[in-house]
């Protein structure tokens with residue numbers, strides 16, 4: 347129910363979102379604890395996990411916790427906004443929206459590069475903001491879903507291989523990898539189920555291409571989406587400061603275009619529906635015991 351509520355019930359714009367408050371609190375804590383040291387990062391991560399677990403105590407409701415932690419609808423809205431601008435030949439406008447989805451250097455991306463960035467973001471965040479929260483909710487209730495969301499948020503803040511975060515962010519990044527490992531592979535199976543005509547290609551791309559990706563989970567989701575949509579993702583990825591990361595190629599199709607963003611959003615929505623159906627069936631089966 348919490349998964350479906352994400353697409354129906356909006357968080358009031360005049361009320362600070364709990365995830366924003368969590369991010370603010372962890373940003374302040376990072377400034378106090380930061381050191382070029384794995385131990386300092388472990389203490390930071392432990393504090394974030396404790397805060398996520400504590401937030402579940404007054405909630406008690408798995409549905410409410412899942413609604414708060416799930417971000418599929420917002421992801422889809424921003425992605426469609428980028429597609430609209432690309433289709434209107436407003437590349438600068440599309441670039442302006444990109445930082446809310448990815449950390450790349452928008453100025454270094456052409457139309458296809460922007461489309462690729464958004465499709466990859468939709469794929470990765472289908473795991474992080476939809477499938478993983480729902481699966482952790484089913485497995486461990488409000489505590490599971492909010493701890494996962496806390497870990498995912500910390501990873502997005504400090505889980506980078508940069509000079510500042512290489513050591514400090516290591517524990518948060520590894521814990522996030524562990525908590526998303528099963529959901530990422532479940533996402534690939536859901537993609538195959540949602541696009542049965544491409545199911546073999548999806549599973550083949552995941553086996554063949556995903557292991558080369560620097561992330562053990564993002565590569566799985568991106569390879570699955572690439573094969574399902576007939577695209578090739580990956581390749582040179584520019585970041586601010588002139589750094590370019592050469593990502594492995596995922597899938598064997600064509601380069602992404604603006605229309606593929608809409609197709610990726612539709613696929614993500616279909617994955618959400620398939621997951622909700624599967625979890626509902628699981629819940630009914632448990633009730634019948």
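Residue numbers (the numbering used here): 347 to 635. Note that CB positions come from ideal geometry on N, CA and C, so glycine has one too. Here the structure is a predicted model, which is why all the values come from computation and not from measurement.
With respect to residue 411, residue 483 sits close: the two C-beta atoms are nearer than 8 Å. For residue 416, there is no enclosing alpha helix (DSSP H), as DSSP marks it with neither H nor E. When C-alpha distances from residue 409 are compared across 466, 367, 480, 633, the shortest belongs to 480. Rounded to whole angstroms, the gap between the alpha carbons of residue 501 and residue 558 is 21 Å. Assignment of residue 394 by DSSP, reduced to helix, strand and coil, places it in the helix class. Counted as a single uninterrupted DSSP element, the alpha helix (DSSP H) harbouring residue 443 occupies residues 437 to 443. When the Cα atoms are used, residue 598 and residue 384 turn out to be separated by approximately 39 Å. Just measuring C-alpha positions, the residue of 433, 436, 467 sitting nearest residue 449 is 467. Looking at the DSSP output, residue 509 sits in no beta bridge, so it has no partner there.
Around the beta carbon of residue 367, fewer than 16 other beta carbons sit within 10 angstroms, so the residue counts as exposed.
Residue burial annotation: residue 590 is exposed, with fewer than 16 other C-beta atoms found within 10 angstroms of its C-beta.
Between residue 514 and residue 603, the CB-CB gap reaches or exceeds 8 Å. The straight-line gap separating the alpha-carbon atoms of residue 630 and residue 563 is approximately 29 Å. In terms of Cα proximity to residue 531, the closest of 548, 521, 543, 439 is 548.
For residue 592, the enclosing beta strand (DSSP E) begins and ends at 590 to 596. If you look at residue 582, you'll find it in the beta strand (DSSP E) that goes 579 to 584. Exclusion of the five residues before and after residue 615 leaves 422 as the residues of its chain whose Cβ lies within less than 7 Å of its Cβ. With contact defined as three or more Cβ pairs closer than 8 Å, the region 524 to 540 and the region 577 to 585 are not in contact. For the 8 Å CB-CB criterion, residue 576 and residue 600 form a contact. Pairing residue 443 with residue 405, the inter-Cα distance amounts to about 33 Å. Residue environment analysis places residue 445 among the exposed positions, since fewer than 16 neighbouring C-beta atoms fall within 10 angstroms of its C-beta. With a 10 Å radius around the Cβ and a threshold of 16 neighbouring Cβ atoms, residue 592 comes out exposed. Residues 439, 440 of the same chain have their beta carbon placed closer than 6 Å to that of residue 431, with the five preceding and five following residues left out of the count.
With respect to the C-alpha of residue 578, the residue from 566, 491, 595, 587 having the closest C-alpha is 595. Straight through space, the alpha carbons of residue 546 and residue 505 are spaced by roughly 33 Å. In its own chain, leaving out the 5 sequence neighbours on each side, no residue places its CB closer than 6 Å to the CB of residue 455. Collapsing the DSSP output to three states places residue 520 in a helix.
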